[in-house]
Structure formats: C-alpha cells, structure tokens
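**Q**
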Amino acid sequence: MMKKKSVSARKASLVLFLCQMISALDVPLDSKLLEELSQPPTITQQSPKDYIVDPRENIVIQCEAKGKPPPSFSWTRNGTHFDIDKDAQVTMKPNSGTLVINIMNGGKAEAYEGVYQCTARNERGAAVSNNIVIRPSRSPLWTKEKLEPNHVREGDSLVLHCRPPVGLPPPIIFWMDNAFQRLPQSERVSQGLNGDLYFSNVQPEDTREDYICYARFNHTQTIQQKQPISVKVFSMDSLNDTIAANLSDTDIFGAKPVTERQPVLLTPTGSTSTKVELRGNVLLLECIAAGLPTPVIRWIKEGGELPANRTFFENFKKTLKIIDVSEADSGNYKCIARNRLGSAHHVISVTVKAAPYWITAPRNLVLSPGEDGTLICRANGNPKPDISWLANGVPIAIAPEDPSRKVDGDTIIFSHVQERSSAVYQCNASNEYGYLLANAFVNVLAEPPRILTPANKLYQVIADSPALLDCAYFGSPKPEIEWFKGVKGSILRGNEYVFHDNGTLEIPVAQKDSTGTYTCVARNELGKIQNEVHLEVKDPTMIIKQPEYKVIQRYGQASFECVIKHDSTLLPTIIWLKDNAELPDDERFLVGKDNLTIMNVTDKDDGTYTCIVNTTLDSVSASAVLTVVARPNPPFDLELTGQLERSVELSWIPGDENNSPITNFVIEYEDGLHEPGVWHYQTEVPGTQTTVQLKLSPYVNYSFRVIAVNEIGRSQPSEPSEQYLTKSANPDENPSNVQGIGSEPDNLVITWESLKGFQSNGPGLQYKVSWRQKDVDDEWTSVIVANVSKYIVSGTPTFVPYEIKVQALNDLGYAPEPSEVIGHSGEDLPMVAPGNVQVHVINSTLAKVHWDTVPLKTVRGHLQGYKVYYWKVQSLSRRSRRHVEKKILTFRGNKTFGMLPGLEPYSSYKLNVRVVNGKGEGPASPDKLFKTPEGVPSSPSFLRITNPTLDSLTLEWGSPTHPNGVLTSYILKFQPINNTHELGPLVEIRIPANESSLILKNLNYSTRYKFYFNAQTSVGSGSQITEEAITIMDEGKMAMASRQVDIATQGWFIGLMCAVALLILILLIVCFIRRNKGGKYPVKEKEDAHADPEIQPMKEDDGTFGEYSDAEDHKPLKKGSRTPSDRTVKKEDSDDSLVDYGEGVNGQFNEDGSFIGQYSGKKEKEPAEGNESSEAPSPVNAMNSFV
2 MMKKKSVSAR KASLVLFLCQ MISALDVPLD SKLLEELSQP PTITQQSPKD
52 YIVDPRENIV IQCEAKGKPP PSFSWTRNGT HFDIDKDAQV TMKPNSGTLV
102 INIMNGGKAE AYEGVYQCTA RNERGAAVSN NIVIRPSRSP LWTKEKLEPN
152 HVREGDSLVL HCRPPVGLPP PIIFWMDNAF QRLPQSERVS QGLNGDLYFS
202 NVQPEDTRED YICYARFNHT QTIQQKQPIS VKVFSMDSLN DTIAANLSDT
252 DIFGAKPVTE RQPVLLTPTG STSTKVELRG NVLLLECIAA GLPTPVIRWI
302 KEGGELPANR TFFENFKKTL KIIDVSEADS GNYKCIARNR LGSAHHVISV
352 TVKAAPYWIT APRNLVLSPG EDGTLICRAN GNPKPDISWL ANGVPIAIAP
402 EDPSRKVDGD TIIFSHVQER SSAVYQCNAS NEYGYLLANA FVNVLAEPPR
452 ILTPANKLYQ VIADSPALLD CAYFGSPKPE IEWFKGVKGS ILRGNEYVFH
502 DNGTLEIPVA QKDSTGTYTC VARNELGKIQ NEVHLEVKDP TMIIKQPEYK
552 VIQRYGQASF ECVIKHDSTL LPTIIWLKDN AELPDDERFL VGKDNLTIMN
602 VTDKDDGTYT CIVNTTLDSV SASAVLTVVA RPNPPFDLEL TGQLERSVEL
652 SWIPGDENNS PITNFVIEYE DGLHEPGVWH YQTEVPGTQT TVQLKLSPYV
702 NYSFRVIAVN EIGRSQPSEP SEQYLTKSAN PDENPSNVQG IGSEPDNLVI
752 TWESLKGFQS NGPGLQYKVS WRQKDVDDEW TSVIVANVSK YIVSGTPTFV
802 PYEIKVQALN DLGYAPEPSE VIGHSGEDLP MVAPGNVQVH VINSTLAKVH
852 WDTVPLKTVR GHLQGYKVYY WKVQSLSRRS RRHVEKKILT FRGNKTFGML
902 PGLEPYSSYK LNVRVVNGKG EGPASPDKLF KTPEGVPSSP SFLRITNPTL
952 DSLTLEWGSP THPNGVLTSY ILKFQPINNT HELGPLVEIR IPANESSLIL
1002 KNLNYSTRYK FYFNAQTSVG SGSQITEEAI TIMDEGKMAM ASRQVDIATQ
1052 GWFIGLMCAV ALLILILLIV CFIRRNKGGK YPVKEKEDAH ADPEIQPMKE
1102 DDGTFGEYSD AEDHKPLKKG SRTPSDRTVK KEDSDDSLVD YGEGVNGQFN
1152 EDGSFIGQYS GKKEKEPAEG NESSEAPSPV NAMNSFV
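When the letters of the sequence shown are read in order and numbered with the working numbering, they come out as residues 2 to 1188.
1. Expressed to the nearest angstrom, what Euclidean distance is found between the alpha-carbon atoms of LEU697 and GLU821?
2. Just to confirm, is the Cβ distance from SER876 to SER908 under 8 Å?
3. Determine the direct distance from the alpha carbon of PRO736 to that of SER755, and round the result to whole angstroms.
4. According to DSSP, what are the bridge partners of PRO802?
5. Rounded C-beta distance between PRO1195 and ILE1026? I'm assuming under 8 Å.
6. Does DSSP put LYS87 in a helix, in a strand, or in coil?
7. Please report the straight-line C-alpha distance between GLU287 and GLY193, rounded to a whole angstrom.
8. In whole angstroms, what is the alpha-carbon distance linking THR412 and GLU111?
9. Is the Cβ-Cβ distance between TYR334 and ILE349 less than 8 Å?
10. Count the other C-beta atoms from every protein chain shown that fall within 10 angstroms of the C-beta of SER130, then say buried if there are 16 or more, exposed otherwise.
11. Checking the sheet assignment: what are the DSSP bridge partners for PRO977?
12. Applying the 10 Å Cβ sphere with the 16-neighbour rule, what's the burial state of ALA834?
13. Since PHE199 and ILE289 should fall inside the 8 Å C-beta cutoff, what is the C-beta to C-beta distance between them, to a whole number of angstroms?
14. For GLY68, name the three-state secondary structure that DSSP assigns.
15. Closest to TYR867 by C-alpha separation, out of ILE1074, PHE892, SER878, would be which residue?
16. Note down, in chain order, each residue of its chain lying with its Cβ closer than 6 Å to the Cβ of THR352, except the 5 sequence neighbours on either side.
17. Of the choices PHE975, SER878, THR962, whose alpha-carbon is the least far from that of LYS932?
18. Which term fits GLU210, buried or exposed, when burial requires 16 or more other beta carbons within 10 angstroms of its beta carbon?
19. For the 8 Å Cβ check, are there 3 or more pairs between the stretch 680 to 695 and the stretch 647 to 667?
20. Label HIS963 either buried or exposed according to how many other C-beta atoms from any shown protein chain fall within 10 Å of its C-beta, with 16 as the threshold for buried.
21. Measuring only the C-alpha atoms, how far is ARG632 from SER466?
22. Quick one: using the 10 Å Cβ neighbour count with 16 as the cut-off for buried, is ASN310 buried or exposed?
23. Name the DSSP beta bridge partners of LEU437, please?
24. DSSP three-state label for GLY305, please.
25. Run through DSSP, which three-state label would ILE1067 get?
26. I need the DSSP call for PHE317, collapsed to helix, strand or coil.
27. Less than 8 Å between the C-beta atoms of LEU470 and LEU536, yes or no?
28. Nearest-angstrom Cα distance between LYS605 and ALA709?
29. Cα separation between PRO150 and LYS50?
30. Using only the alpha-carbon positions, how far apart do PRO635 and ASN659 sit?
31. Please say whether THR1018 and LEU968 have beta carbons closer to each other than 8 Å?
32. Let me know if ALA89 comes out buried or exposed under the rule of 16 or more other beta-carbons within 10 Å of its beta-carbon.
33. May I ask you to list the residues that DSSP assigns as paired with GLN512?
34. Are the beta-carbon atoms belonging to LEU912 and VAL855 less than 8 Å from one another?
35. On the three-state DSSP scale, how would you describe VAL326?
36. Considering only DSSP beta bridges, list what PRO687 is partnered with.
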C-alpha cells in the first residue's frame, strides 16, 4: 500500500483536482458522471457591463449558466426585482436566462434603459452576473448654424472647427469635399483628435468652398454632415474687390508680405497640461503647431525613455501613441515644435490610474465532508479597490450564518465543512474607475471512488520513450491510487515509476519488457474500485539513410533518399516537405517509395527538403538542403567615370550569382570606329571587385561589357556601356614580324603585319618602308604606302643581305623609330654538284655515303642541306631487273656524310648527291654504283607433308621468297612427340639447295612428328618454319593416305567415307557411354588426359578437323635435348649513330637540323609463330590424326 498523505497535502490535492474537474466539465468530462454529480450554478455567458444597443432592433441581454440540477433564472432592474411576466415586450429564452426585449413590435429602447443583473439559482446556491448597463445609441443631427467664409492671409495659421453633436458612442470624424473625396493631409494640414482641421500655414491652393466635416455613428450606421466651410487665402499681390470691400483701410495698409514665423502651438494651449489615462488603455497625446516654414514635431519623456515596442507616432508625428499603458508610463511628456526660426514646446503631465484588476480571482472549491478550504479574492488598482463578499447574491453580512465559514478580508476560510455548506460566493472589487465581480462556488460532496478511464484501454508507445497510463478518477474524499503490474503482481514502487496526482502512472523510459497489463486501484473511506489497462512497447521508427546535401546545376536532376526501418506492426507514411510546406504541385517532383526525385531543377526549387516518417506512435524527420547553381546573371548598370585620354574607370553591379560565387569578371570592348560588332578581350578582375581602371588607346570609340564567371560557367554579356571616343595621337608602335625574302632572284619582298584599327591611334594610317644593302655604304631608300602589308623591291642582286625597317605614321605624325631587321634578296638554284662521292658498305642492309661540300657562293641561297637519291638496280641472286623505285634521304645543314638503311642484301645499287637551298636542288653528282653482300635468307615459302604411311612421310617445300644470296642447303630437323606431348630426340638432315622434296623413311607407325625447316646461305641460316604430321596405323589407311590429291568430291571416295563414318560411329557410342557426351576420339582422350595446351582440339562447332601444331615453337622442352632453332634474322650491329641516317620521302628535320624521319622500304612479313605452314591439311591427314 502507498503511504497515506497528510491532511493538508490531501486538501491541496483536492483543490488541484477541483481545477481539473471544472475545466474537464467543459470538455466535457464523463457524461454519466455529469448526470450524477450535484454542482452549484456557474455563469458561462453574459452581456458586457456597458451595453450600447441599436434603438431600432430588439434588445438581447445574455445570461447563460450551468449547474446540477439545472439552475433557474431571475433578473433585477435598477436594484429591484424585474418581473418579466408583467411586461409583454419581454421574454426569457427556454432553459436560459437570456432576456429578449421586443423593440421592433412597438417597444421603445429608451424605456428599457437601466442597470440589469441576472441570478442563476439551484439547490446548491446562486450565482449572479455583472451589473449590465443598457443604453440605446444616439446619432443626433448637427445644429444649424450660419458659417461665415474664412478670409486668411497667405502664411497664417487656421483652425476649422468641426464640433460634432454628442452621440452614443462618440462618432468618428473625417473631412471630405463635395465629391466625397477625403481632403489631403500633410505635415502642414492635419486633423486633430477633437476632429478640428488645423493649418500650420495656409497657401493659395487651400482656397476652396467645400471643407465639410462628417461624423459617422457606427452603431446606427449613419453619417451626419456639417455645413460646408469656405476658406479664401489672399496675398498683397492679388487682392480682389470682394476681399477689399470687407476689409478696412487700416487692415489693407497694415498688411505685410508673407513672412516666415517661428512655431506657435495651436493645441494644446499654454506651456503645460495634464492627462489621466487608465491602465491597459491607449494613451494619445497631441501637439499641433503653427509656423512658416511648417514646424516639425518631436516627442521626449522627461527623465526617461519612451517605452520600446509600445510607442508609435501618428498624424505626421503630431500624435504620440502608447499602447497598453501601465503605472510606469506616468510622467511628463514634452512635445517640441521646431523650424529654422526657432521652437516651441509643451509639457503634458500624464497620470495612469487603474480600474480594479485581478491578482488572484476566487476559484471554485470542491470539498469532502469534514475537510477545510479557502476562497481567496485579491485585486489591485489605482486607487486600491475595496473588497466585499456576497453569498448566493446576498451581502455576506446579512446572509444566513454558516459555522464552518469565516471571512478574513479578501479570504474566506472554511473549516470542517458539511454538505449544507455548499453555496456560491461573489467577490466584488471596486474603485472610482470600475469594479470586478467573480463567482466561486463551494461544493461539498461525499462520493465513492469512480475510475473514468475506459476498462482494458490499450496504450502503445515507442521503446525508450515515456509511457503514460491514465487512471482518471473521481471521489470525495479524494481516493488514494495504487498501481499493480499483472494479475497477481505486487504494488509498483521505485524510481523507475512516477505517480502523478491525477492518477497517471508514468514509466519514464519504457522498454520491451514493460509490455503487459497494469491495474489501477482507487479507494477512499466510501469504497474501492479497480481498472486494467494494457501497454505495448514498439520498436522506434528510424531513418537509416537520410537525404544528403545536394548541389545541382540548373536543369539537372536531384534525388533525395529516405530509407526507413520501423516496427513490423506499425504502418509508416512518408511525407516530403519543401521549406516546411507541401511540395509544389508540379509533375517534375516524383515521389518514390523511399526517395524524392526532382527533374529539370530550377532556381525556385532551392530550399530545404524534409522527409517526415509518421506512424500512429512516433514521427521522425530528416532534412537536406538543395542548392541550385547556375551560371551567374549578367552584370548591369555599367558606368564610365574619370574619363582621361588614355584611361577610364568602369564600374558595374553584379547580377545574381545563382548560389555559386562569382570568381572573376571578364571585361571586353568593342571598337565602334574600326570594328563595329566585334568584341575583344580587355582584362579580367577578381569576383570581389566591381570597378576597374582600364587603359585606353587613342582614336578608338570604346564600348565595354562585363561577363561574370563562376564555377558553372560564364554569364551572358552585360548590356554595353555608353560609348567613349578617345582623342587621336601619333602611333605608339610599329608593324611587327617585318621580313625580307626574295621571291625571284632579282627582287626583295618586304612583308609585315599591319597594325589593327585601334593601334593606328588616329586617321590616315600609312607605313614608311625603308631598305638598304648591308655592308655597303648606301643611303636608305624609302617609300610610303597605305592599306598594304607588302612591298616588292625589284632589280636587286641575287641573294644579297639588306637592312629593312617599317615605320607607322598617321595624320598626326610618326611612330617611334623602328628596329632594323636583315633580309635577303631572292635565291637562285645552286650552281654545282657535290664532288668526291664515296660509298662504304657496312653490312648487307646498311651503307654510308660521303661527299665534299660545295662552295657557299655557288649555293646562291640559304643552304638547307643535301639530298641523296638511291635506287636498286638488280638482285644479284635472281639476275632479274624490276621497276626502279628511287628513294630520297635529306640531310639537313652542311653535312658531308649520311647513312643509307634498309638496303636489300646481295643487290646492286646506284646513288647521286645534290645540294639544296630555298629555291630548289642543284645539279646531281655522277651516279655511284655499289653492291651489298649476301645475308641470311628468309624462311622457305611453304612446307607441306603428304603421303603418310606406316613408317614414312613425304615433305615438299618452296624456296625462300628472299634468298638474300646463293642458297647452299636446307636444314631439316624433326623429333617425335609421345602421348604425353613430350618431345623425343632431335634428328637433323642437311638437304642440297636444288632439292624441293624429301621422303622420310624408317619412321615409327602411328607416331606424331614435329618438323623444323630453314634455308642457308654462306652467311648463315634463315628463319625456320614448323609443321607436324602422323604416320598411319595399318595398311588400309596407308592406302588411303597415299592419295596426294583432293579426292573428297570423287564418287568412290564417298563409299570409303561411309565405311569410315561407321567406324567413327562405333567410337562415338563407346565415348558416349564413357563420357555421356560425343565428339571425343582415342587420340583426343589421350590429349585430354595430359591437357597439353600446345595441342589444338577438333573444331566441334562446324564438324571439321583441326590440325595439330605446336603453338609455341620456342617453349623449353619438357624432356630430352630439344633446342629450337632461331627463326628470326638478327640485324648486324652498327657503329653509326641514328643522326647519320637521312630522311625518307616524307622525312623531316627538327629545328636544330637533327634527323627525325624514318627510312622507307618494303619489309618481308614473317610467318606467324606456330603456324608457318602455308597449306591446309587434307582430310586424309585429318583422319590419320585419329589413329
């Protein structure tokens, strides 16, 4: 059992429960409980204290109350009982205290003016309403008056008085003209708080005859109009006869021109005034001044500051408005009116009073018999209000006595109450500015415990979050609450539980093992009751893959993921938000199961995207920001300042950077004078800079534009700036790239790069071209040309150096003196051929040629090098001529030797040498004949193995395509290959060079052999080719193998093949039984057993038989002394450098003259390794390979 609390604690808890109960009755609490419990009346609705009604409509005075049993209602009027049954115009609504006074059917509102109060009563007490003062609204007409025209001198002040009729409530004032247009107001002309129209100084435009003041009465929805007021402004310069007739001579002669005047306050008058305002109201202080120029108003609070956040200035600062004033706002407020001639001020002393306001209003009290309690009524005000108590609407001093009640000022103390102590008490707090009236009942109840929470209510919570199990109860005295877990569980205690006064059991951190049934027990001295509730603890919902920050280029695609994990018994829903609002209704937004995709993103898609996952128990969210980046917007507002002859300052305003910082600005210019429409690069500046000083050239009509650059790209160009034409000046520079090169032997062609338009610096651009022969004491020869970039000097000696210069000039003068360049007149063909040509043969493919240089004076131009022409005359081994193809090698510079690579061995060659200059080639030297020695031959053109028998094979071959000398013999090497693909002993046979076939005998039957075959000259052995073949097994197949021609298409061969097919079928059946798959033969099985990668399998896809060959001729032998011969021709070493080799036909030199080309020549293609045989295997050989 829980420990019993003290009596005082129990009373405090009961008061707390009272508050809960009363507020719960409004919800409502429990309908069954409300039907059974008694309750004193409570006023729930009433009309305002000061109730102004429309006299044309029925008067409805509200009074609603609740209680158990339902209360009855009665009214007093002006302090006496109001018998509604005696007045036919007055009715009370059913089940209500609201009065309806019928005015629309003959009643008069004025007859029902007065103070009304409602009383709601039942057996438990009586509650009363406020005193409700009923007054009908009034909207009287303006009294008729004769208004004289206002004649005002220009510059004087003027006040137009409105003086509206006194209405209830006061009307709203405004000024209009005959056309119902509001009159314009300003610092000079404005309306005061009293409705008058003030002119600080009048102007001629203020003259008009329709200044009309209007009063709007909101309750009656009527507007009353004052007679129009006429204002005429005159000045000494424009007096009319009408005004003169109404003025005396003294007035006219005393009139002065318009003069300025210092401020004078029109309202309020005097130097000080007072103002009283009530707490909580709006304080309005006003100062309106006359003066010329129009004064400016300023407000201060003496000895303090104007309250922040509550101070406002209205009517052009003529009105100071402070809302929700309090006692702290009391003090002196000074307004100061100032113009350039002086100032005036006024001090308003503000006192803030206060109608009564609650500090502690009395609260309803529910007590059990024998308990104690208090009603407290505390209020404040200025002056301090008086507190008085009533019981059931009767002053407590004359109310029936109650021994349990004691009044102590603002407190009523109850001791050991009984059920007859139930009553409704009224507290009245009043001072001269108003009153407060509050009802609070004391309800003494004796009730056994009741549990209001439904039985077997199911609570579901998320693990690691609080669980609150309700046990809403009621009883009087207040029951004690105990909690148990399970049917036979013990009472719950300990720090893991929190027991609330309202009966709720809180498990601060619910875990999975918190799931179960919980029992709440409520007991007091009148009884005991219990209720069971159930708790389920669920796994929390988690976002295991959250959306991530994205930076996407405009028109790209953005995708956010939101992958969740949740309790299997909960159904989650995923909602996507943008900037905490719904996603735009746009088909570009695609919401998937666990993602959001935005197609063709635009700038408006920028923002924060939130994934919200909701279940019935929890909600989790994750957000990510999408930043849409794009090229920046173009800069704008280009401005040129500080224009000088050679510089100007350009400034601009950057456009939107579109979420990617601007890194730099590129400035371009257009020359509208020389190249309109063409924009050139000028300079660029960092992205933080928006001004730049630009250097300018003379005689250019500049326009500038700016391009912003960020990481995404370049913006569109800005709009062009204004144009700026710089002044003309002498040229600053001369033409560049001046050259002098002759095109003919007797001329000199002088060329240069012309200046661009803006480089001319002025009109009339021309060029002064000057030349003279170098190293000769000659004067300069000059010509002036325009609009060209070339000048030809004729009649010059051949290839003579000249000094050349080209100077720019325009209408204003010459450019600075140009620098001189050296050129040459035209070249002619060289006159002599190189002499003493010698050839040194280095090896069978390489030769070195020597020659003597020619005298430079005979070159007659720039020496570019020497060309060697060489060609093959004939092959010494074949003695047959063929088409002569000359080859050319060029050797740059003044060289005297060169290398001739790529020669064919054992051949006869011729060559000659020629000198080369810029004009062309000189005469050729006499042809020089030389021969190349023998070399190793190429591989035999083919090797064919035919006619396999039990112990012999026939070999046929073709001679090498390139013997490269005189063949001396052929070398044949062969060796057997056993079933494990190991090689046997190698046998070598030398064959005379004139043989083309050979029969090998005494071979082993049914054996595979590998053959290596190559040719020899006196120099050595050439490349080899390889082939493999198998001897046959028996005589029948030997006869078949004797066929050396293609017999596959002959008739008798078809019969033979049928027999072979039958044999193969038998083999296939055996293989199928053993392998469950066809296509393997005895030889094949042996190969598979040893898994030698060098043996090629049968091609099963097309039914043909592959031929066995060694795919890698140079593999090391597994057994034996097999040594594969080298089938490649090794090039002989050369001592010559690559620099000594000349260029081929398409060869070129580097700038330093070194050789970078490659000689050209036909190279024999070597047969592919492991497949040197040029003849496909015959079907007979293919079949024999399976023996």
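By construction, the Cβ of each residue, glycine as well, lies at the ideal position given by its N, Cα and C atoms.
**A** A quick look at the data gives this:
1. 28 Å
2. yes
3. 6 Å
4. HIS825
5. Within the shown structure, residues of the chain are numbered from 2 to 1188, placing residue 1195 beyond reach of any answer.
6. helix
7. 8 Å
8. 41 Å
9. yes
10. buried
11. TYR1010
12. buried
13. According to the sequence as given, residue 199 is Tyr; it is not Phe. That belief holds up - the Cβ atoms of TYR199 and ILE289 are roughly 5 Å apart, short of 8 Å.
14. Three-state DSSP puts GLY68 in a strand.
15. PHE892
16. VAL277, SER331
17. Comparing Cα positions, the closest option is SER878.
18. exposed
19. yes
20. buried
21. 49 Å
22. exposed
23. ALA430
24. GLY305 sits in a strand when the DSSP states are folded into three classes.
25. helix
26. Under the three-state reduction of DSSP output, PHE317 falls in the coil class, being neither helix nor strand.
27. The Cβ atoms of LEU470 and LEU536 sit closer than 8 Å to each other.
28. 21 Å
29. The straight-line gap from Cα to Cα measures roughly 46 Å.
30. 11 Å
31. At a Cβ-Cβ threshold of 8 Å, LEU968 and THR1018 count as neighbours.
32. exposed
33. Paired residues: none, contrary to the question.
34. no
35. coil
36. Answer is ASN665.
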